[in-house]
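Asker:
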Amino acid sequence: MKEKYGLTTPEVAELRQKYGYNETPKIQKSFISLILKRLVGPIPYVIELALVIELILGNFIQVGFIFALLLFSAIDGAIQENRASKSIGELNTKLIAYTSVLRDNKWQKLSSRELVPGDLIHLSVGSVIPSDCKIIKGVILVNQSVITGETKAVTKAEADELYSGSTVIEGTADVLVEKTGVHSSLGKTTELVRTNEAPGRLENLLFTVVKYLAYLDVVLAVILTIAALIRHTPFLTLLPFLVILFVATIPISMPSSFAVANSLEAGNLSKKGILVSGLTGIQEAGSMNILLMDKTGTITQNRPEVDEIISLNGLDKIQLFKYALATVKPSSVSPLDLAILQKAKLNKVTSIEVKKQISFDPKLKGAKAILNNGDEIFLGSPVRSNLEDRVKSKIDELSRQGLQVMVLAINQEAIGLITFKDQIKSDMPETIAALKKQGITVLMLTGDTVSTAKAIAEKVGLNNHIGTVAEALSDPLSFGGFANVYPEDKFKIVKSLQNKGYVVGMTGDGVNDAPALKKADVGIAIDTATDISKLAARIILTEPSLKGITELVDAGHRVYQRMMTWLITKLARTAQLALLLTIGYLFTNFFPVSLNIIVFIVIFNDCVTLTLGTDRVKINHLPEAWNLKNLTKISAIYTVGWLVLGFLMLWYSVKFTSFTHAQISGILFVYLIYSAMGMILSTRTRDHFWSIKPSKPVGIVIFINLVLSSLISILWLHTAILNVLAVFLICFVMFLILDLIKVSYYKQD
0 MKEKYGLTTP
10 EVAELRQKYG
20 YNETPKIQKS
30 FISLILKRLV
40 GPIPYVIELA
50 LVIELILGNF
60 IQVGFIFALL
70 LFSAIDGAIQ
80 ENRASKSIGE
90 LNTKLIAYTS
100 VLRDNKWQKL
110 SSRELVPGDL
120 IHLSVGSVIP
130 SDCKIIKGVI
140 LVNQSVITGE
150 TKAVTKAEAD
160 ELYSGSTVIE
170 GTADVLVEKT
180 GVHSSLGKTT
190 ELVRTNEAPG
200 RLENLLFTVV
210 KYLAYLDVVL
220 AVILTIAALI
230 RHTPFLTLLP
240 FLVILFVATI
250 PISMPSSFAV
260 ANSLEAGNLS
270 KKGILVSGLT
280 GIQEAGSMNI
290 LLMDKTGTIT
300 QNRPEVDEII
310 SLNGLDKIQL
320 FKYALATVKP
330 SSVSPLDLAI
340 LQKAKLNKVT
350 SIEVKKQISF
360 DPKLKGAKAI
370 LNNGDEIFLG
380 SPVRSNLEDR
390 VKSKIDELSR
400 QGLQVMVLAI
410 NQEAIGLITF
420 KDQIKSDMPE
430 TIAALKKQGI
440 TVLMLTGDTV
450 STAKAIAEKV
460 GLNNHIGTVA
470 EALSDPLSFG
480 GFANVYPEDK
490 FKIVKSLQNK
500 GYVVGMTGDG
510 VNDAPALKKA
520 DVGIAIDTAT
530 DISKLAARII
540 LTEPSLKGIT
550 ELVDAGHRVY
560 QRMMTWLITK
570 LARTAQLALL
580 LTIGYLFTNF
590 FPVSLNIIVF
600 IVIFNDCVTL
610 TLGTDRVKIN
620 HLPEAWNLKN
630 LTKISAIYTV
640 GWLVLGFLML
650 WYSVKFTSFT
660 HAQISGILFV
670 YLIYSAMGMI
680 LSTRTRDHFW
690 SIKPSKPVGI
700 VIFINLVLSS
710 LISILWLHTA
720 ILNVLAVFLI
730 CFVMFLILDL
740 IKVSYYKQD
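The sequence shown begins at 0 in numbering that gives the first Met the number 0 and counts up one residue at a time.
#1: May I ask you to list the residues that DSSP assigns as paired with Lys-342?
#2: So is Thr-448 buried or exposed if we call it buried at 16+ other beta carbons inside 10 Å?
#3: Among the candidates Ile-740, Leu-416 and Glu-412, whose CA atom is the shortest distance from the CA of Glu-396?
#4: Candidates Thr-445, Leu-434, Arg-389 and Pro-428: which alpha carbon is nearest Gln-403's?
#5: Is Trp-565 near the ligand ZN, going by C-beta to nearest heavy atom under 7 angstroms?
#6: Would you check if the distance between the CB atom of Thr-507 and the CB atom of Ser-544 is smaller than 8 angstroms?
#7: By alpha-carbon positions, which one of Leu-14, Val-62, Pro-9 and Ile-78 ends up nearest to Phe-30?
#8: In three-state terms, what does DSSP make of Arg-683?
#9: Per DSSP, which residues does Phe-377 bridge with? Please list them.
#10: What whole-angstrom Cβ distance do Ser-657 and Ala-571 have, given they're in contact under 8 angstroms?
#11: Three or more beta-carbon pairs under 8 angstroms between the segment 11-22 and the segment 100-113, yes or no?
#12: Label Thr-236 either buried or exposed according to how many other C-beta atoms from any shown protein chain fall within 10 Å of its C-beta, with 16 as the threshold for buried.
#13: Indicate whether at least one CB of chain C lies closer than 8 angstroms to the CB of Leu-345.
#14: Using the beta-carbon count (16 or more within 10 Å), is Asn-595 buried or exposed?
#15: Return yes when the Cβ of Ile-431 is within less than 8 angstroms of the Cβ of Val-459, no when it is not.
#16: Closest to Ala-515 by C-alpha separation, out of Ala-260, Leu-290, Val-242 and Val-246, would be which residue?
#17: Name the two residues that bound the continuous beta strand (DSSP E) containing Tyr-485.
#18: Using the three-state DSSP reduction, which class does Glu-542 fall into: helix, strand or coil?
#19: Looking at the unbroken beta strand (DSSP E) that takes in His-121, where does it start and where does it end?
#20: Give me the Cα-Cα distance between Leu-191 and Leu-161, rounded to the nearest whole angstrom.
#21: List the residues that DSSP assigns as beta-bridge partners of Phe-419.
#22: Taking its Cβ as the centre, do 16 or more other Cβ atoms sit within 10 Å of Ala-574, making it buried, or is it exposed?
#23: Name the residue from Phe-655, Ser-398 and Phe-320 whose alpha carbon lies nearest to the alpha carbon of Ala-338.
#24: How do the segment 631-648 and the segment 709-716 stand: do at least 3 beta-carbon pairs fall below 8 angstroms, yes or no?
#25: What distance in whole Å lies between the Cβ atoms of Pro-334 and Asn-301, which are believed to be in contact at a cut-off of 8 angstroms?
#26: Return the first residue and the last residue of the alpha helix (DSSP H) that Gly-280 is part of.
#27: Go through its chain and collect everything with a Cβ distance to Thr-527's Cβ below 7 angstroms, but skip five positions before and after it.
#28: Report back the beta-carbon spacing between Ile-600 and Ile-672 to the nearest angstrom; my notes put them in contact at under 8 angstroms.
#29: By the three-class DSSP mapping on this structure, what secondary structure does Glu-113 have?
#30: With Ala-260 and Val-558 assumed to form a contact (beta carbons below 8 angstroms), what rounded beta-carbon distance in angstroms separates them?
#31: Kindly indicate which three-state DSSP category Lys-632 falls into: helix, strand or coil?
#32: Met-427 and Ile-298 - do their beta-carbons sit closer together than 8 angstroms?
#33: Between which residues of its own chain and Thr-581 is the CB-CB distance below 7 angstroms, once the five residues before and five after are set aside?
#34: Helix, strand or coil for Gln-107, going by three-state DSSP, please let me know.
#35: Using 10 angstroms around the beta-carbon of His-464, count the other beta-carbons present and answer buried if the total reaches 16, otherwise exposed.
#36: Just verifying my parser: in three-state terms, what is the DSSP assignment at Ser-358?
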């Protein structure tokens, strides 16, 4: 290496003063801007329209309540986004990319943030290029899709320019840093974590529920309007109730509730060495029913050692090893290459002189070297080698022992075999057994032979029926894994399984795993993964153990249960209130619950909804199914049960008492709050409500809602204390009855 390349510490300090750090300054959003951001969008627009209508009608009390509701939601949403931003910031600090840099005449591993123009850095397979650079030495294959949008990799050689954010697919190179930070093409290497994702199954279901509730409101609004016209009721008298009806339906607290549920679990997982770069990865983990595990590095330690050198034509083993060594570049980071280099170092073996080395080619599954005499050496997988039957038989025998076998050939004639042993991770059998208990089918993917795959599968407790890629695409669940899998096959397998309706998880570490990791519903990069694999995955494990996957799945179940509580109660409460108001009006000719009270109901319900993300839950240990049909059924049980009670209370109050409209409103107010709190306590678990205590935040808010609603009914609406107490007792009995029905329903389901 020429001496002019590489900086000294004083030079770096001087350049740092001029160019700063290799980072893009983050635009800090003010808290006010975060609040204002939440006043824009479909949901806020509906609330704001209601606000304007109430203002025009002169209903200033309702205006105050609706404005308070809107502002509260915006402030809470801003708080949750602020917390999420901090979580992503913490994630990025843990995902710092490191680069091999020549400083003070020695190679060092430094954070990419430390780079300055003039630094000499070394790039290898899987590296994310940390700044704009120029190649000084070497040839590499680069994916520039982050910059150009073009997915086809391009070859870059000496003097070619490289762009920040691109990734090295093949080869190694020494490059000179030219532009850093804001001056580079991207300047966001460590910020490529996915922050904007397509909605997951949960979010799609949430919006579907909201859509159907809106349809219900439209139908009821039409019915009310027709009834008002028949009764000659002025439309302006009806309009405020229609407005409040829609306000009660709009899930203004939904984004915050969803954020709390996911962020809480992301924080807990982070403490256990599991980083979450895509929050939908948590919720999808609860539904995951297939997990594809890459054998090398996931099931095994990916620290192979040369086990044996076998001659096929009588050549000396040392000579065979020299040929093998000729295909390995000293700068290679490939585990198999490192094993060969380590063996050479221990035995003091040197390579034969070569004219040219050709790095590992994924398509050929091997590397080549051209000797000075023109001979071509190949070292690679036996899968794409033309071998005699006796050699195939020997390879099969070695593979059945769980060894990885590579063929050594000269001019396409096999001359030897090299076997490698790679220890299985000690906790793999236990982890796979735990995943099976969680209802997840684990399938192993490997580029090795069928015999090697069978041996590994047996050792870790997988079905040793090993299939081909074609079988993986047609009948995957009949097998325990698939052999002879090439990098491009992994993406196809993930896509095929998803098309069959499975929720697919995928573990990986190599640069060629990135497309499959990104495609998977739950892409999991292991601790030794390349930078590009970590950026493609939604989940990053920072510990060697894969037990974190079972923790992730449990977290997904918890998010599922909390959001199911939200969905069931939202469906039931909205239908209950809308039908009570509509049918009550049709039969009594007045709205049984006043406008102001409806707004109170919305606020009280939203307050407890916001705490559901913190709730204790009893999880189901089988993959969850986001099924709208089943969701509607259980919601209907609560809706019908509580509506029957509500209509009976309304009928009794109108028929057999002399209660004023305000007193009737007071009775129905506490009934609606008591029933809503009861639904939350019941829907938290599929077992009896007492099987698990609510979290402190949930319990405290429920208690406050019960007390405040009772006081408002007694002190403001002049409802007798005995009547409030009677409503509480009646609601408690109905709560117990519906809880029993719920348990029975889930047992039959």
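We put the CB at the ideal spot given by N, CA and C, even for glycine.
Answerer: Taking the geometry as given:
#1: Numbered from its first residue, the sequence shown carries residue 342 at position 343. Paired residues: none, contrary to the question.
#2: The residue given as residue 448 occupies position 449 in the sequence shown. With 16 or more Cβ atoms within 10 Å of its Cβ, Thr-448 is classed as buried.
#3: Within the sequence shown, numbered from 1, the residue matching residue 396 stands at position 397. Minimum Cα distance to Glu-396 is reached at Leu-416.
#4: Position 404 of the sequence shown, counting from 1, holds the residue named residue 403. Taking only the C-alpha atoms, the option nearest Gln-403 is Thr-445.
#5: Within the structure as shown, the ligand ZN is missing, as the structure has no ligands at all.
#6: Position 508 of the sequence shown, counted from the start, is the residue given in the question as residue 507. Position 545 of the sequence shown, counted from the start, is the residue given in the question as residue 544. In the sequence as displayed, the identity of residue 507 is Gly instead of Thr. Going by C-beta atoms, Gly-507 is not nearer than 8 angstroms to Ser-544.
#7: Your numbering for residue 30 matches position 31 in the sequence shown. Nearest of Leu-14, Val-62, Pro-9 and Ile-78 to Phe-30, Cα basis: Ile-78.
#8: As a first step, residue 683 is located in the sequence shown; it is residue number 684 there, counting from the start. Here Arg-683 sits in coil by DSSP.
#9: Looking up residue 377 in the sequence shown gives position 378. Phe-377 is bridged to Lys-367 and Ala-408.
#10: Indexing the sequence shown from 1 puts residue 657 at position 658. Indexing the sequence shown from 1 puts residue 571 at position 572. About 32 angstroms; that fails the 8 angstroms criterion.
#11: The segment 100-113 and the segment 11-22 touch, with three or more beta-carbon pairs separated by less than 8 angstroms.
#12: In the sequence shown, counting from the first residue as 1, residue 236 sits at position 237. Around the beta carbon of Thr-236, a 10 Å sphere encloses fewer than 16 other beta carbons of the protein chains shown; the residue is thus reported as exposed.
#13: Protein chains in the displayed structure number just one, and chain C is not present.
#14: As a position in the sequence shown, residue 595 is number 596, starting the count at 1. Asn-595 should be labelled buried.
#15: Looking up residue 459 in the sequence shown gives position 460. Looking up residue 431 in the sequence shown gives position 432. Contact: yes.
#16: Taking the first residue of the sequence shown as position 1, residue 515 is located at position 516. Nearest C-alpha to Ala-515: Leu-290.
#17: Start at 1 with the first residue of the sequence shown, and residue 485 comes out as number 486. For Tyr-485, no beta strand (DSSP E) encloses it, and the DSSP letter there is neither H nor E.
#18: Residue 542 sits at position 543 when you count from the first residue of the sequence shown. It is coil, neither helix nor strand.
#19: Sequence index remark: in the sequence shown, residue 121 carries index 122 (1-based). First-last of the beta strand (DSSP E) with His-121: 119-122.
#20: For the purposes of this step, residue 191 is taken as residue 192 along the sequence shown, with counting starting at 1. For the purposes of this step, residue 161 is taken as residue 162 along the sequence shown, with counting starting at 1. Residue confidence for Leu-191 is low, a pLDDT of 41 falling below 50, so the modelled location carries little weight; the figure read from the coordinates is stated next. Near 17 angstroms, if we compare the C-alpha coordinates of Leu-161 and Leu-191.
#21: Stepping through the sequence shown from its first residue, residue 419 is reached at position 420. DSSP, once it has assigned bridges, lists Val-305 and Gln-403 as partnering Phe-419.
#22: The residue labelled residue 574 in the question sits at position 575 within the sequence shown. Ala-574 should be labelled buried.
#23: Taking the first residue of the sequence shown as 1, we reach residue 338 at position 339. Measuring from the Cα of Ala-338, the nearest candidate turns out to be Phe-320.
#24: no
#25: Position 302 of the sequence shown, counted from the start, is the residue given in the question as residue 301. Position 335 of the sequence shown, counted from the start, is the residue given in the question as residue 334. About 5 angstroms separates the CB atoms of Asn-301 and Pro-334; that is less than 8 angstroms, so the two are in contact.
#26: Locating residue 280 in the sequence shown gives position 281, where the first residue counts as 1. Per DSSP, Gly-280 belongs to the alpha helix (DSSP H) from 279-284.
#27: Indexing the sequence shown from 1 puts residue 527 at position 528. Gly-296, Asn-301 and Asp-508.
#28: Here residue 600 is taken as the residue at index 601 of the sequence shown, counted from 1. Here residue 672 is taken as the residue at index 673 of the sequence shown, counted from 1. About 7 angstroms; that satisfies the 8 angstroms criterion.
#29: Position 114 of the sequence shown, counted from the first residue, corresponds to residue 113. The three-state reading of DSSP puts Glu-113 in helix, counting H, G and I together.
#30: Translated into the one-based positions of the sequence shown, residue 260 becomes position 261. Translated into the one-based positions of the sequence shown, residue 558 becomes position 559. With a Cβ gap of about 5 angstroms, Ala-260 and Val-558 count as contacting.
#31: Counting from 1 along the sequence shown, the entry for residue 632 is found at position 633. Helix, per DSSP.
#32: Here residue 298 refers to the residue found at position 299 of the sequence shown. Here residue 427 refers to the residue found at position 428 of the sequence shown. The answer is yes: Cβ separation under 8 angstroms.
#33: Walking along the sequence shown from the start, residue 581 turns up at place 582. For Thr-581, the CB contacts under 7 angstroms within the same chain, skipping 5 residues up- and downstream, are Leu-219, Ile-222 and Leu-223 in chain order.
#34: By 1-based counting over the sequence shown, the position of residue 107 is 108. Strand.
#35: Translated into the one-based positions of the sequence shown, residue 464 becomes position 465. The residue in question, His-464, is exposed, as its Cβ has fewer than 16 Cβ neighbours within 10 Å.
#36: The residue you call residue 358 lines up with position 359 of the sequence shown. Looking at Ser-358 - three-state DSSP - the assignment turns out to be strand.
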